[in-house]
Amino acid sequence: MEITFLGTSSGVPTRSRNVSSVALRLPQRAEVWLFDCGEGTQHQLLRSDVKISQITRIFVTHMHGDHIYGLTGLLASCGLAGSGQPIEIYGPPELKDYLKACAKYSHFKLPHHIRFHPIHPGILYEDKEFSVSCGQLKHRIPAYGYRIAESDRPGRFNVEKAKALGIPPGPVYGELKQGKTVTLEDGRRIRGQDLCGERETGRKVIYCTDTVFCEGAIALSEDADVLIHEATFAHQDAQLAFDRLHSTSTMAAQVALAAQVKQLIMTHFSPRYAPGNALQLDDLLQEAKAIFPNTILARDFMTYEVPRRSQIETSKIG
Numbered sequence: 009m010e011i012t013f014l015g016t017s018s019g020v021p022t023r024s025r026n027v028s029s030v031a032l033r034l035p036q037r038a039e040v041w042l043f044d045c046g047e048g049t050q051h052q053l054l055r056s057d058v059k060i061s062q063i064t065r066i067f068v069t070h071m072h073g074d075h076i077y078g079l080t081g082l083l084a085s086c087g088l089a090g091s092g093q094p095i096e097i098y099g100p101p102e103l104k105d106y107l108k109a110c111a112k113y114s115h116f117k118l119p120h121h122i123r124f125h126p127i128h129p130g131i132l133y134e135d136k137e138f139s140v141s142c143g144q145l146k147h148r149i150p151a152y153g154y155r156i157a158e159s160d161r162p163g164r165f166n167v168e169k170a171k172a173l174g175i176p177p178g179p180v181y182g183e184l185k186q187g188k189t190v191t192l193e194d195g196r197r198i199r200g201q202d203l204c205g206e207r208e209t210g211r212k213v214i215y216c217t218d219t220v221f222c223e224g225a226i227a228l229s230e231d232a233d234v235l236i237h238e239a240t241f242a243h244q245d246a247q248l249a250f251d252r253l254h255s256t257s258t259m260a261a262q263v264a265l266a267a268q269v270k271q272l273i274m275t276h277f278s279p280r281y282a283p284g285n286a287l288q289l290d291d292l293l294q295e296a297k298a299i300f301p302n303t304i305l306a307r308d309f310m311t312y313e314v315p316r317r318s319q320i321e322t323s324k325i326g
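Counting in my numbering, the sequence shown runs from 9 upward without gaps.
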């Protein structure tokens with residue numbers, strides 16, 4: 009699970025930061041799941057290592073322009089490419105009407121392989137490896153956060169112990185690795201769970217933007233490995249945050265602390281904290297770290313590899 013930040017500014021792009029979009033790469037499936045698609049996201053994808061052809065799912069948090077203005081162009085390009093790759097789009101019910109209107113008045117046809125799914129609190133997608141659910145946040149218009157949960161994995165298979173029991177290598181090892189009970193040719197019944205270590209808890213990634221501090225964000229983020237949370241304003245600008253229903257750096261940290269997440273990555277920064285101004289993003293980082301030390305700032309094209317829970321030391325930031 010590799011997270012690539014394609015846009016980390018709020019409202020409008022800056023020289024160094026585009027507006028909201030995050031790509032979750034799942035290399036084992038050769039898939040990319042995109043979260044929000046602000047203006048210019050297609051260009052950001054072309055400048056990154058993320059392959060547009062691998063995008064299979066797009067999740068939209070809400071209908072504000074800095075989160076959706078890039079979607080029409082991206083879908084139009086996917087249609088021109090003619091790859092036929094199915095793309096599942098999840099978002100507020102109005103999103104489908106918005107895209108149909110864009111297609112109508114700009115005279116292009118939405119690719120036939122695109123399917124829309126109106127979102128609602130609860131599980132939106134589930135397979136053997138992952139589930140995606142969403143919860144309502146608190147913003148000026150309906151907005152939702154997403155929780156991507158990896159399924160638990162069987163513990164490490166003890167090959168040496170299997171050999172000592174005289175179990176011949178082959179397809180049976182695969183079944184035992186999954187914890188199944190198998191019957192050997194000699195009649196012995198072997199429980200796979202007796203040959204595996206403790207199950208490995210699946211990783212959880214949370215994406216929360218746009219929102220002011222709310223209980224919904226805490227509930228969605230519980231026990232997450234990574235919480236991506238907006239931090240539009242500094243603490244001293246809290247009144248602006250309450251007026252516009254956005255979060256401060258300290259609000260993001262409070263959500264991370266209350267939900268007991270392992271890593272907080274802040275994003276969606278107001279351009280008012282650009283270099284040269286009285287307050288800068290490093291100030292927001294220090295405010296958050298005073299509450300939740302395991303906090304970092306996202307930057308455009310930053311990649312974060314979500315470590316397995318059994319291998320926390322393999323975590324890296326690129």
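Ideal Cβ placement from N, Cα and C applies to all residues, glycine included.
Keep in mind that this is a model prediction, so the values were computed, not measured.
Residue i - partner residues in DSSP beta bridges
i	result
L253	In the DSSP output, where bridge partners are listed per residue, L253 has none listed.
M274	H237, L305
C204	F165
Q144	Y152
H125	Y98
K212	A157
A31	T12, L42
E134	S139
S17	V27, F277
V190	I198
Inter-residue spacing [alpha-carbon to alpha-carbon] between residue i and residue j
i	j	result
P162	H243	43 Å
Y312	S159	20 Å
V263	P126	27 Å
R316	S29	24 Å
T322	V234	Residue placement at T322 is flagged as unreliable, the pLDDT there being 39, under the threshold of 50; a coordinate-derived value is accordingly withheld.
E205	K212	The sequence as given places Gly at residue 205; Glu does not occur at that position. The alpha-carbon atoms of G205 and K212 are separated by roughly 21 Å.
R280	S17	10 Å
T49	V27	8 Å
G99	V140	13 Å
E39	H254	31 Å
I63	I95	7 Å
A189	I131	Looking at the sequence itself, residue 189 is Thr, so the reference to Ala does not match. Going from the Cα of T189 to the Cα of I131 covers about 31 Å.
D251	L145	15 Å
G284	S114	40 Å
With 16 other Cβ atoms within 10 Å as the buried cut-off, status of residue i
i	result
K324	Its pLDDT being 48, under 50, K324 is placed unreliably in this model, and the coordinates cannot settle the point.
T240	buried
I156	buried
G19	buried
A306	buried
G46	buried
A170	buried
T191	exposed
S278	buried
Proximity test, residue i beta-carbon vs the ligand FMN heavy atom, cut-off 7 Å
i	result
E10	Of the ligands one can find in the structure shown there are none, so the ligand FMN has no counterpart to examine.
Under 8 Å between C-beta atoms of residue i and residue j
i	j	result
F124	I97	yes
L32	V68	no
P150	H70	yes
T303	M259	no
L203	L184	yes
G78	P119	no
D308	R25	yes
A109	K117	no
S56	L14	yes
M9	L34	yes
I214	L173	no
T256	A246	yes
D105	H75	no
I66	V314	no
E168	S318	no
A261	A296	yes
Residue nearest to residue i in terms of C-alpha spacing, selected from the options
i	options	result
G200	V213, P179, D218	P179
L82	A157, S278, A282, L107	L107
T219	V167, A111, H147	H147
A225	A232, C216, D231	C216
S85	L53, R252, E230	L53
E238	K171, D291, G153	G153
E223	T256, S56, G143, G284	G143
Q268	L287, S278, D245, I299	I299
Q93	H115, I76, H121	H121
D231	K171, P177, K270	K270
Q294	M310, L272, V314, G284	L272
P129	D135, P101, Y113, P21	P101
R37	K59, T189, H51	K59
H51	H72, P21, G73	P21
E193	G182, P176, G187, G284	P176
Q186	N166, A282, G73	N166
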